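Okay, structure first, notes after.
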């Protein structure tokens, strides 16, 4: 009994999962930094209802003209911190759960999806407060078209935490957790498609994929996952921003569901069904390129690390 517990814990806390986690975190930070302005454009379109949905370059040009050259990079540091933690937790959980479940057997799409959802749930519960803070810091000082948005004044990550807890209660740090939990389908679908395409390309021959192959399957996986879950992502941004009228239900879950339904219905009523997809062009451009670059860097960093550590490349290719 003790031996099997030890074996399982060694799989969960294995060096291999750590390599995947660090590679995923580093890859995502580098990729996000490159395409960060696209994310700024997407967030403005989602939160600021009166901003016209123009092409992404036009939105960015507008933001730069009104708010200065560095404004597309506003809130970069908190986003990078959150992303680094978030991807570290996600990749670590994904690979350690998968290792302890499969015990060396070949993976299947359903396994990838279930493990992806489990890793996502852990990730959401651990990192939502960071994302709430970073959504607010990213939007602070922006020139909004909607007059009912109250300006906030946080001096940094720590100050934002303190002010939110003081003014809105600890619970506000988990604003948007419910749609985030529904959104764990996004990375789960992405990883399922990514791992599935990877298996297809190899067709039973263990080999390392080329940079172009990894880039393309990373992009395809992310494009599908993003489009499917986009309306919920808009609602998640609005909830994290924390400036909406809450329903007064006793039950937290019911009120979350009702708020999500109201926000979705209002959005659709105001701007038609396409209103639910406002900012999707900026989002797709940003996430697809970011995800593709992230997977590429992640595969390369992991592969180099395994080589440097002298772990056989067979061991890596089996993944």
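Numbering (full-length UniProt numbering), first residue to last: 1 to 319. Don't be surprised by glycine CBs; every beta carbon is placed ideally from N, CA and C. All of these numbers come straight from a predicted model, not from anything done at the bench.
- The straight-line gap separating the alpha-carbon atoms of residue 310 and residue 237 is approximately 44 Å.
- Counting along the chain, the unbroken alpha helix (DSSP H) around residue 241 starts and ends at 211-241.
- By a beta-carbon distance limit of 8 Å, residue 119 contacts residue 93. Their separation comes to about 4 Å.
- For residue 260, the closest C-alpha among the options 180, 206 and 223 is that of 180.
- In the structure shown, the three-state DSSP call for residue 106 is coil.
- Using a Cβ distance threshold of 8 Å, residue 276 and residue 267 count as a contacting pair.
- The beta carbons of residue 230 and residue 24 sit no closer together than 8 Å.
- Secondary structure of residue 127 (DSSP, three-state): helix.
- About 14 Å separates the beta carbon of residue 188 from that of residue 291, a gap too long to meet the 8 Å contact definition.
- Per the coordinates, the alpha-carbon of residue 278 lies some 19 Å from the alpha-carbon of residue 176.
- For residue 81, the closest alpha carbon among the candidates 64, 255, 32 and 112 is that of 32.
- With fewer than 16 other Cβ atoms inside 10 Å of its own Cβ, residue 77 counts as exposed.
- Non-local C-beta neighbours of residue 43 in its own chain, meaning closer than 8 Å and more than five positions away in sequence, comprise 135, 138, 139, 237 and 279, ordered along the chain.
- In the DSSP annotation of this structure, the continuous segment of the alpha helix (DSSP H) that includes residue 192 starts and ends at 185-202.
- Pairwise C-beta distances place the region 184-198 out of contact with the region 152-172, as fewer than three of them are shorter than 8 Å.
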